[in-house]
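Colleague: Its first residue numbered 16, the sequence shown is counted upward by one per residue in the numbering used here.
Each residue gets a CB set at the ideal place from its N, CA and C atoms; glycine is no exception.
The structure presented is a predicted model; accordingly, all values stated were derived computationally and were not measured.
I'd like to ask some things about the structure below.
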Amino acid sequence: MGSELQHAVPPWLWGVAVFVFGACWGSFLNVCIWRMPRDQSVVSPGSHCGSCNTPIPWYHNIPLVSFFALGGQCHKCGAKFSFRYWLVEFLNAALWLLVWREFQYDRGWLVVIAYCILISMLLVGTFIDFEFYIIPDRITLGSVVIGFLFSIGVPALHQVSTHWQSTVQSFLGIIAGGLSLLMIVELGKLAFGRLKMSLPPGTQITIADNKLTIPDDEIHWEEMFFRSSDRIRFHAATLKFKDKTFDNVDVSISETEIAIGKEKFLLSETGKIEATTDLLIIPREAMGLGDVKLMAGIGAFVGWKPIFFILMTSALLGSIVGVGLVILRMRELQGKIPYGPYIALATVIWLFAGPDILNWYWGLTEPRVAY
16 MGSELQHAVP PWLWGVAVFV FGACWGSFLN VCIWRMPRDQ SVVSPGSHCG SCNTPIPWYH
76 NIPLVSFFAL GGQCHKCGAK FSFRYWLVEF LNAALWLLVW REFQYDRGWL VVIAYCILIS
136 MLLVGTFIDF EFYIIPDRIT LGSVVIGFLF SIGVPALHQV STHWQSTVQS FLGIIAGGLS
196 LLMIVELGKL AFGRLKMSLP PGTQITIADN KLTIPDDEIH WEEMFFRSSD RIRFHAATLK
256 FKDKTFDNVD VSISETEIAI GKEKFLLSET GKIEATTDLL IIPREAMGLG DVKLMAGIGA
316 FVGWKPIFFI LMTSALLGSI VGVGLVILRM RELQGKIPYG PYIALATVIW LFAGPDILNW
376 YWGLTEPRVA Y
């Protein structure tokens with residue numbers, strides 16, 4: 016952006032403009048958060064009430080204002096809107112403003128735009144992961160592509176002087192971010208890839224419609240099968256489906272078939288399966304591949320050097336929150352916790368304070384000389 020225009024407009028006015036535009040963009044992020052995990056278009060139809068489908072006119076869709084002006088509800092049917100809508104608008108606006116203040120004068124508008132895009136994508140991924148335990152490829156792989164393209168054109172993004180150096184930094188960041196977390200995923204699979212569920216003797220379980228039903232719970236296929244090698248295993252005292260009955264058999268279930276002893280059947284042909292057992296072994300992942308791709312996308316923007324800091328900080332944040340939730344009995348010890356939000360938060364911490372934190376830490380660890 017031209018220096019003449021930049022100096023002609025008061026800094027506070029630039030700040031207001033960035034905040035307002037960030038809030039408006041946050042409104043669009045809410046559309047992405049709602050529609051992406053449901054495989055809906057983020058372009059059409061326009062904003063509408065999820066309860067009565069009434070289109071929301073522009074004057075009822077003013078970021079940060081309309082939520083409170085309408086009392087957080089639909090003007091037509093009175094259905095309540097989640098406070099998340101306002102929160103996302105505010106967070107995006109506030110973080111964009113912080114990015115502008117932190118990077119505009121030292122590194123320029125293109126770096127500000129790049130980091131604003133990264134932060135918006137992290138917000139979308141965070142709120143989707145909180146609700147669905149997934150991060151869409153449009154966010155993760157999209158961040159890889161956008162971060163790499165910005166790096167090719169904007170050397171200041173990686174604080175280097177040539178386009179070639181910036182491109183190499185981004186490429187190495189993609190590799191370091193993706194591979195480091197992929198290694199953690201594989202190690203986690205080896206260490207924590209099976210969940211043993213002890214049940215009272217003679218407990219009846221049911222397999223039907225791509226879900227496993229046990230007393231007081233249902234576990235859907237997508238929560239258990241992440242790889243072609245994943246299996247549900249148990250020893251059945253009894254098992255039956257259609258006109259077939261089995262006693263005292265070992266059972267192994269993949270995503271598409273069931274092995275009972277030495278016999279195999281397609282699940283699409285068995286119908287409802289009923290069995291009794293006292294122990295289930297269920298496959299699980301330490302974290303999903305969405306987290307791996309997210310780290311690769313972050314690496315595209317920040318390069319390889321901050322990756323270790325982001326990994327360690329996200330692990331620390333996730334551990335603190337996870338243990339806290341267990342202590343407060345808001346989560347079971349072996350319950351799921353989305354990891355993407357902590358990667359996102361660690362990335363934001365790096366952008367605004369990472370180098371200062373590292374300098375402080377190294378200052379603590381430097382040997383002190385006694386006089």
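Rounding to the nearest angstrom, what Cα-Cα distance links Y1 and D258 in this structure?
Modeller: Outside the shown range of the chain (16 to 386) lies residue 1, about which nothing can therefore be said.
Colleague: Using beta-carbon positions only, say whether S290 and I247 come within less than 8 Å of one another.
Modeller: Counted from its first residue, the sequence shown places residue 290 at position 275. Counted from its first residue, the sequence shown places residue 247 at position 232. A quick correction: the sequence has Ala, not Ser, at residue 290. No, the Cβ-Cβ distance between A290 and I247 is not below 8 Å.
Colleague: Exposed or buried, C67, counting other C-beta atoms within 10 Å across all chains shown (16 or more means buried)?
Modeller: Within the sequence shown, numbered from 1, the residue matching residue 67 stands at position 52. Exposed, by the Cβ-count rule.
Colleague: Assuming the contact rule is C-beta atoms closer than 8 Å, S185 and G312 should be a hit. Round their C-beta distance to whole Å, please.
Modeller: For this step, residue 185 is matched to residue 170 along the sequence shown. For this step, residue 312 is matched to residue 297 along the sequence shown. Contact doesn't hold; Cβ gap of about 11 Å is too wide.
Colleague: Just reading off the beta strand (DSSP E) that D152 is part of, what are its end residues?
Modeller: If you number the sequence shown from 1, residue 152 lands on position 137. Premise fails: D152 lies in the alpha helix (DSSP H), 152-168, not in any beta strand (DSSP E).
Colleague: Spatial neighbours of W236 within its chain, please: CB distance less than 7 Å, with the 5 preceding and 5 following residues excluded, ordered by chain position.
Modeller: Translated into the one-based positions of the sequence shown, residue 236 becomes position 221. N225, K226, E270.
Colleague: Using the Cα positions of P370 and S334, report the straight-line distance between them to the nearest angstrom.
Modeller: To locate residue 370, count along the sequence shown from 1; it is residue 355. To locate residue 334, count along the sequence shown from 1; it is residue 319. Near 23 Å, if we compare the C-alpha coordinates of S334 and P370.
Colleague: Quick one: grab the DSSP three-state call for E300.
Modeller: Residue numbering aside, residue 300 sits at position 285 when the sequence shown is read from its first letter. Note: E300 maps to coil in three-state DSSP.
Colleague: Put R116 into one of helix, strand or coil per three-state DSSP.
Modeller: On the sequence shown, residue 116 is found 101 positions in, with the first residue counted as 1. Three-state DSSP puts R116 in a helix.
Colleague: Residues in the same chain with beta-carbon distance under 6 Å from G192, minus the five sequence neighbours each way, listed in chain order, please.
Modeller: By one-based count along the sequence shown, residue 192 stands at place 177. Contacts found: M310, A311, I313, G314, I322.
Colleague: Going by C-alpha distance, which of T228, E238, D232, G188 is nearest G208?
Modeller: Taking the sequence shown and counting its residues from 1, one reaches residue 208 at position 193. With distances taken between Cα atoms, G208 lies closest to E238.
Colleague: DSSP beta-bridge partners for K308?
Modeller: As a working mapping, residue 308 is identified with position 293 in the sequence shown. Partner(s): none; K308 has no beta bridge.
Colleague: Rounded to the nearest angstrom, how far is the Cβ of S135 from that of L44, given a contact under 8 Å?
Modeller: In the sequence shown, counting from the first residue as 1, residue 135 sits at position 120. In the sequence shown, counting from the first residue as 1, residue 44 sits at position 29. That pair is a contact at about 6 Å.
Colleague: Tell me which residues share the same chain as T228 and place their Cβ nearer than 7 Å to its Cβ, disregarding the 5 neighbours each side in the sequence.
Modeller: Here residue 228 refers to the residue found at position 213 of the sequence shown. Residues I220, T221 of the same chain have their beta carbon placed closer than 7 Å to that of T228, with the five preceding and five following residues left out of the count.
Colleague: Tell me which same chain residues have a C-beta within less than 8 Å of the C-beta of W27, skipping the five on either side of it?
Modeller: Numbered from its first residue, the sequence shown carries residue 27 at position 12. None.
Colleague: Give me whichever residues DSSP pairs with V266 in a beta bridge.
Modeller: Residue numbering aside, residue 266 sits at position 251 when the sequence shown is read from its first letter. BP columns for V266 point to F249, I275.
Colleague: Ignore the nearest five residues each way along the sequence and tell me which others in L281's own chain have a CB closer than 7 Å to its CB.
Modeller: Translated into positions along the sequence shown, residue 281 becomes position 266. Here the set comprises T271, E272.
Colleague: Please classify S166: is it buried, with 16 or more other beta-carbons within 10 angstroms of its beta-carbon, or exposed?
Modeller: On the sequence shown, position 151 is the one that residue 166 refers to. S166 is buried by the Cβ-count criterion.
Colleague: Cα separation between V384 and A109?
Modeller: Counting from one through the sequence shown, the residue named residue 384 turns up at place 369. Counting from one through the sequence shown, the residue named residue 109 turns up at place 94. At V384, the pLDDT of 47 sits below 50, so the modelled position is not reliable; the number obtained from the coordinates is stated separately. V384 and A109: Cα-Cα distance of roughly 44 Å.
Colleague: Taking the straight line between their C-alpha atoms, what separation do you get for R393 and P298?
Modeller: Any property of residue 393 remains undetermined from this structure, which presents the chain solely from 16 to 386.
Colleague: With a Cβ-Cβ cutoff of 8 Å, do V264 and L197 count as a contact?
Modeller: For the purposes of this step, residue 264 is identified with residue 249 of the sequence shown, where counting begins at 1. For the purposes of this step, residue 197 is identified with residue 182 of the sequence shown, where counting begins at 1. No, these two residues do not count as a Cβ contact at 8 Å.
Colleague: DSSP three-state call for H235: helix, strand or coil?
Modeller: Here residue 235 corresponds to residue number 220 of the sequence shown, with the count starting at 1. Strand.
Colleague: Look at the alpha carbon of N76 and the alpha carbon of R116, and state the distance between them as a whole number of angstroms.
Modeller: For the purposes of this step, residue 76 is taken as residue 61 along the sequence shown, with counting starting at 1. For the purposes of this step, residue 116 is taken as residue 101 along the sequence shown, with counting starting at 1. Each residue's CA atom was taken as its position, placing N76 and R116 some 27 Å apart.
Colleague: For K204, name the three-state secondary structure that DSSP assigns.
Modeller: Looking up residue 204 in the sequence shown gives position 189. The DSSP-derived three-state label of K204 is helix.
Colleague: Given a cut-off of 8 Å on the beta-carbon distance, is the pair A252 and T292 in contact?
Modeller: Stepping through the sequence shown from its first residue, residue 252 is reached at position 237. Stepping through the sequence shown from its first residue, residue 292 is reached at position 277. Yes.
Colleague: Provide the residue span of the alpha helix (DSSP H) that contains G339, from first to last.
Modeller: On the sequence shown, residue 339 is found 324 positions in, with the first residue counted as 1. Note, G339: alpha helix (DSSP H), 322-342.
Colleague: Suppose contacts are defined by Cβ-Cβ distances below 8 Å. Is P87 in contact with F98 by that definition?
Modeller: Locating residue 87 in the sequence shown gives position 72, counting from the first residue. Locating residue 98 in the sequence shown gives position 83, counting from the first residue. Here residue 87 is Gly; the residue named in the question, Pro, does not match the sequence. Yes.
Colleague: When we look at the beta-carbon of K211 and count the other beta-carbons within 10 Å, is it buried (16 or more) or exposed?
Modeller: Numbered from its first residue, the sequence shown carries residue 211 at position 196. That one is exposed.
Colleague: In the DSSP assignment, find the alpha helix (DSSP H) that holds I134 and state where it starts and stops.
Modeller: Indexing the sequence shown from 1 puts residue 134 at position 119. Note, I134: alpha helix (DSSP H), 124-147.
Colleague: What residue from E201, W365, E104, G276 has the CA that sits closest to L304's CA?
Modeller: Position 289 of the sequence shown, counting from 1, holds the residue named residue 304. For L304, the nearest C-alpha among the options comes from E201.
Colleague: Return the CA-CA distance between C39 and K320, expressed in angstroms with no decimal places.
Modeller: Numbered from its first residue, the sequence shown carries residue 39 at position 24. Numbered from its first residue, the sequence shown carries residue 320 at position 305. In a straight line, the C-alpha of C39 is about 33 Å away from that of K320.
Colleague: Just how far apart, CA to CA, sit S42 and D245?
Modeller: For the purposes of this step, residue 42 is taken as the residue at position 27 of the sequence shown. For the purposes of this step, residue 245 is taken as the residue at position 230 of the sequence shown. Each residue's alpha carbon lies about 39 Å from the other.
Colleague: For V169, which residues of its own chain have a beta-carbon under 6 Å away from its beta-carbon, when the five flanking residues on both sides are left out?
Modeller: Within the sequence shown, residue 169 is the residue found at index 154, counting from 1. For V169, where only same-chain residues beyond five positions count, the Cβ hits under 6 Å are L125.
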